[in-house]
Amino acid sequence: MSELSDGITELIWKAAHNNKKYGLEEAKVLSVTLKVPVQTIMKIVSHAQRTPKGVDWNIVKSRRSN
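565 is the number of the first residue of the sequence shown in the working numbering; add one for each residue after it.
Set out below in structure tokens:
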């Protein structure tokens with residue numbers, strides 16, 4: 565995920581975390597727009613969607629940076 569800035573990663577994660585229908589179509593659009601592989605975006609999306617609702621981005625970010 566080093567191809568994306570922390571801010572972009574956070575936006576994608578939050579969008580996918582709050583919308584269980586967020587998926588491949590959105591990832592394809594972001595992939596073209598941001599010029600990164602769709603697999604990179606789907607990793608963020610799948611992580612966000614399998615994370616319990618009570619988990620906040622700040623918790624994920626703190627664990628990601630350690």
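Backbone N, C-alpha and C fix where the C-beta goes; we use that ideal spot for every residue, glycine too.
Cβ neighbours of GLY571 within its own chain (closer than 8 Å, five residues either side excluded): none.
The closest CA to that of GLN613, considering only ASN582, GLU567, LEU588, is found on ASN582.
In this model, PRO616 and LYS578 are separated by some 12 Å (Cα to Cα). Every alpha helix (DSSP H) stretch that sits fully inside the segment 580–622 and reaches 4 residues is listed by chain position as 588–598, 602–614.
Distance between ILE605 and LYS585, taken at the CA atoms: about 15 Å.
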